[in-house]
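A short write-up of the structure that comes next.
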Amino acid sequence: MSYLDAKYGLKGKTAIITGGGGTLCSAIGEGFACAGANVILWDINPAGLAAKSEVIAKTCGNKSQVATVEVNLMDENSIAQALEKSVKIFGSVDILLNGAGGNRGKGPLVDLKTEDFEFVLKLNLLAGCILPSKHLAKYWIDNKIQGRIINIASMAGFNPLSGIWAYSSAKAAVMNQTMGHAKELAPYGIRVNAIAPGFFVADQNRKLLLNDDGSPTQRGKDVLARTPMGGFGLPEYLTGATIFLASDASNFVTGVTLPIDGGYLCNNI
Ligand SMILES: NC(=O)c1ccc[n+]([C@@H]2O[C@H](COP(=O)([O-])OP(=O)(O)OC[C@H]3O[C@@H](n4cnc5c(N)ncnc54)[C@H](O)[C@@H]3O)[C@@H](O)[C@H]2O)c1
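Using the numbering used here, you'd call the opening residue of the sequence shown number 1 and step up by one each time.
In structure tokens form, the structure reads like this:
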């Protein structure tokens, strides 16, 4: 085995990737599969699961490395059932990439709709982080598996995005809980880290960042003006960092949130 395969390779590991039917997490799935892992995509959207699993199988060249499980992460029973199914597929699970999430609405605080706030907070914090981590952690502790969790935070977790109240709150909480879970689970050899992507064009934010002709909206221009490296992120930019956090290369790293943002946070004058 080469030095790099021993350090960064994921051969023999199995990863659950929530939100795996979507843009960013399916790209992370491609990275994991190409690094040798078995990948189980979890998503509520069957069409997304079918399309993305096919792409991943083609890229890594081995269909038997990729599986899908339909799940509603807003429902804890559905998570428990999905985990049971997933363990049966490849025999065990070693990695959890908590990627499901998204936003609903944007507007002034005085117009905030409580039901929208509650939905987005639940989607990004409970469904997108806490509940899958709870179930995987219990499974790993019971089975003495030194698992790895990677959460997906956001620039909104460092600095709230204007008009995006619940999403910003939830992503700040994801970073907070990354540290809390890391400390709680370290005695079991379980590591918990997060990535914080900058601005990547995906289905859920395309209209916010791009006009129909592909030119940036005013918000898109504001983002680009604050991104020293220029441009929006491309999904494949997330693979190196997530493979690092999922692999033995990061063996003594836990509780951190790694920005992948083209320098967006270096907002000096
Ligand atoms: N795109 C960006 O610029 C950006 C930036 C920072 C963070 N993020 C985060 O990255 C993650 C992936 O986002 P994306 O941009 O690829 O969006 P996406 O909409 O393409 O992917 C999100 C996926 O989550 C799934 N999902 C939604 N509700 C679910 C539920 N109840 N149960 C199971 N699955 C459910 C969706 O079906 C979808 O496939 C999210 O957590 C998002 O907040 C995105």
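Glycine included, every Cβ here is placed at the ideal spot set by N, Cα and C.
Shorter than 7 Å, the distance from the beta carbon of N124 to the closest heavy atom of ligand 1, or not?
Looking up residue 124 in the sequence shown gives position 124. True, at least one ligand heavy atom lies under 7 Å from that Cβ.
Quiz item: Pick from E84, A166, A172, Q65: whose alpha carbon is nearest that of E115?
Solution: What you label residue 115 is simply residue 115 of the sequence shown in a count that begins at 1. E115 has its Cα closest to that of A166, out of E84, A166, A172, Q65.
Report task. Could you pull out every unbroken alpha helix (DSSP H) segment of at least 4 residues lying fully inside the segment 43-77, listed in chain order? Result -> 46-60, all fully within the segment 43-77.
Q | Cβ pair K171, S154 closer than 8 Å | A | Within the sequence shown, the letter at position 171 stands for residue 171. Within the sequence shown, the letter at position 154 stands for residue 154. Closer than 8 Å, so yes.
Please check the pair L49 and I17, which I expect to be a contact at CB under 8 Å, by giving their CB distance rounded to whole angstroms.
For the purposes of this step, residue 49 is taken as residue 49 along the sequence shown, with counting starting at 1. For the purposes of this step, residue 17 is taken as residue 17 along the sequence shown, with counting starting at 1. Going by Cβ atoms, the distance from L49 to I17 rounds to 11 Å, so no, they are not a contact pair.
Exercise. CB of M179 to nearest heavy atom of ligand 1: below 7 Å?
Worked result: As a position in the sequence shown, residue 179 is number 179, starting the count at 1. Ligand 1 has no heavy atom closer than 7 Å to the beta-carbon of M179.
*Beta carbon of M74: closer than 7 Å to some heavy atom of ligand 1?*
Taking the first residue of the sequence shown as 1, we reach residue 74 at position 74. Yes, since a heavy atom of ligand 1 falls inside the 7 Å radius drawn around the Cβ of M74.
ask   = Going by other Cβ atoms of all chains shown within 10 Å of its Cβ, with 16 needed for buried, is D111 buried or exposed?
value = What you label residue 111 is simply residue 111 of the sequence shown in a count that begins at 1. Exposed, since its Cβ has fewer than 16 Cβ neighbours within 10 Å.
| said: Taking 7 Å as the cut-off, is the beta-carbon of S154 closer than that to any non-hydrogen atom of ligand 1? | reply: Numbered from its first residue, the sequence shown carries residue 154 at position 154. Indeed, a heavy atom of ligand 1 lies less than 7 Å from the Cβ.
Q. Counting along the chain, where does the beta strand (DSSP E) carrying A15 start and finish?
A. The count along the sequence shown starts at 1 and reaches residue 15 at position 15. 14-18 is the span of the beta strand (DSSP E), which, as asked, contains A15.
Under DSSP, the beta strand (DSSP E) around I149 begins and ends at which residues?
Reading the sequence shown from its first residue, position 149 is the one you call residue 149. First-last of the beta strand (DSSP E) with I149: 148-152.
Could you tell me the alpha carbon to alpha carbon distance between N62 and F90, rounded to whole angstroms?
Stepping through the sequence shown from its first residue, residue 62 is reached at position 62. Stepping through the sequence shown from its first residue, residue 90 is reached at position 90. Distance from the CA atom of N62 to the CA atom of F90, rounded to whole angstroms, is 14 Å.
Legend entry - For A35, the nearest candidate out of S247, A173, D94 (CA to CA): As a first step, residue 35 must be located in the sequence shown, where it is residue number 35. Nearest in C-alpha terms to A35, of all of S247, A173, D94, is S247.
Take the Cβ of I28 as the centre, count every other Cβ of all protein chains shown within 10 Å, and call the residue buried at 16 or more, exposed below. Within the sequence shown, numbered from 1, the residue matching residue 28 stands at position 28. Buried, because 16 or more other Cβ atoms sit within 10 Å of the Cβ of I28.
Nonlocal neighbours in the same chain, by C-beta distance under 8 Å from D242, ignoring five residues either side = As a working mapping, residue 242 is identified with position 242 in the sequence shown. Before going further, note that residue 242 is Thr rather than Asp in the sequence given. Non-local beta-carbon contacts of T242 in its own chain, meaning distances under 8 Å to residues more than five positions away in sequence, involve I28, G31, F32, L97, I150, I195 in chain order.
Problem - Residue environment, I164, which counts as buried when at least 16 other CB atoms sit within 10 Å - result: To locate residue 164, count along the sequence shown from 1; it is residue 164. Taking all protein chains in view, the Cβ of I164 is crowded by 16 or more other Cβ atoms within 10 Å, so the residue is classified as buried.
The alpha helix (DSSP H) spanning R191 covers which residue range?
For the purposes of this step, residue 191 is taken as the residue at position 191 of the sequence shown. Unbroken run through R191 is the beta strand (DSSP E), 191-197; no alpha helix (DSSP H).
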